[in-house]
Amino acid sequence: MSTTILSSLSKDSKERLVKDLKDFYIPYRNNLDLPSDATFGCEIEFNMPGYNYQYIQKLHKEGYNDPAKEFLISIGYPKIWRVDKELPYQFEVISDVLCDEAKTWAELENVLKFYLDHDAYTGMDSGAHVHVGKQLLKQNPDYWCTFFKLWSIFEKEIVSFSNGETYYERLGFHDCSDYSKERLKDVIHNIEIKNYNEKIAFLNDKVYSINFSSKDKRINDLFSSKLNFKDFDVDNTIEIRCPNGTLNKVVWQNNINFFIKMIMSCSNGEKNKELIDYLYKKIVLNEDYGNHEKVLVLCDIVFNNDLDKFCFLRQYYKDFNEPKEQDPSIKSKRFWK
0 MSTTILSSLS KDSKERLVKD LKDFYIPYRN NLDLPSDATF GCEIEFNMPG
50 YNYQYIQKLH KEGYNDPAKE FLISIGYPKI WRVDKELPYQ FEVISDVLCD
100 EAKTWAELEN VLKFYLDHDA YTGMDSGAHV HVGKQLLKQN PDYWCTFFKL
150 WSIFEKEIVS FSNGETYYER LGFHDCSDYS KERLKDVIHN IEIKNYNEKI
200 AFLNDKVYSI NFSSKDKRIN DLFSSKLNFK DFDVDNTIEI RCPNGTLNKV
250 VWQNNINFFI KMIMSCSNGE KNKELIDYLY KKIVLNEDYG NHEKVLVLCD
300 IVFNNDLDKF CFLRQYYKDF NEPKEQDPSI KSKRFWK
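Given below as structure tokens:
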């Protein structure tokens, strides 16, 4: 598929782009054209009617130690992937290690459909975390540095996109997936001066938008990964924590597509690196926010085809009717097929 350099479009062409986007609805695809070594996983948080304080207390009195498990058994949940309790009254589906293949997308669709058919819903504290295999950055400190810079430059746009069907972050956002940009400055600096033994414990707190589980919690830990990256091991993943909770298969797939291709773009040669270095100095270090169309630059860096760019931008802009009231419960009109 062809690729349009969106950030270079004329004013008239950008107006046509907006018109085309309003007529475009994101499809659910059988594959995303990801490489075979791109692995990922999902953590799907949601609530279920009837699973509440009264139900839990009743089962405890009856001698059940795991009310969440008993509740799911009672509704005949499909034993696809693992399910845990999350917070007092939430569930969390934790997927296997996944690859871009038709089986994966069929499983995701079936899991989400089952819970939706049983009236599951996401609450104000629900998240939709995506784990991406570290091996995509090839144990290369320069690629990691580029990734951290890219995230810092475009974190606001990334979060707006990952809000999914809503325009604003969930209520618990700042407690469990807060902005990482300021904390990443020190990590970037230490990588650039090759101070790899510096501690990075804050990235393991599950408080910020990206998280890295590591035993020693040192920068050097980021550059190590097992040869068999398809084994389930959270230490071998980059956890993206910012997305709002969703049971929408299209939003889930679109999030995964963006995060993986964003990480892949950080090992795509000098062209991206030079641009990202320039933008990092200008926007993050010098706080020069002159470019109000950063999201188009992000698309050009990350994607190599117009379909991916349209899918990203449609979710970013949603129904093009952002509410003035910053209410995280207000949902966009439908922007997916």
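Just so we're aligned: 96 in numbering that gives the first Met the number 0 is position 97 of the sequence shown, and the numbers increase by one with no gaps anywhere. Using N, Cα and C, we set each Cβ at its ideal position, and we do this for glycine too. Here the structure is a predicted model, which means the values were calculated and not measured.
- Short of 8 angstroms from the beta carbon of His59, and not among the five residues preceding or following it, lie these beta carbons of its own chain, in chain order: Pro66.
- With respect to the 8 angstroms criterion, Leu149 and Ile275 are classified as neighbours on the basis of their beta carbons.
- Closest in alpha carbon position to Cys265, among His130, Tyr142, Tyr114, is Tyr142.
- Excluding five sequence positions before and after Ile25, the CB atoms of its chain that fall closer than 7 angstroms to its own CB belong to Val249, Asn253, Cys310, Arg313, Gln314, Phe334, Trp335, Lys336, given in chain order.
- The continuous alpha helix (DSSP H) containing Lys248 extends over residues 248 to 264.
- Beta-bridge partners assigned by DSSP to Asn46: Tyr120.
- Annotation for Glu14: the continuous alpha helix (DSSP H) segment containing it runs 10 to 21.
- Runs of the alpha helix (DSSP H) lying entirely within the region 153 to 179 and spanning at least 4 residues, in chain order: 172 to 175.
- According to DSSP, residue pairing for Trp104 in a beta bridge does not occur.
- By the criterion of a C-beta distance shorter than 8 angstroms, Tyr195 is surrounded in its chain by Pro140, Asn189, Arg217, Ile218, Asn219, Phe222, once the five residues flanking it on both sides are discounted.
- About 4 angstroms separates the beta carbon of Pro242 from that of Ser161, a gap short enough to meet the 8 angstroms contact definition.
- Closest in C-alpha terms to Ser331, from the list Thr245, Tyr279, Asp307, comes Thr245.
- Taking a C-beta distance under 8 angstroms as the contact criterion, Ile209 and Glu238 qualify as a contact pair.
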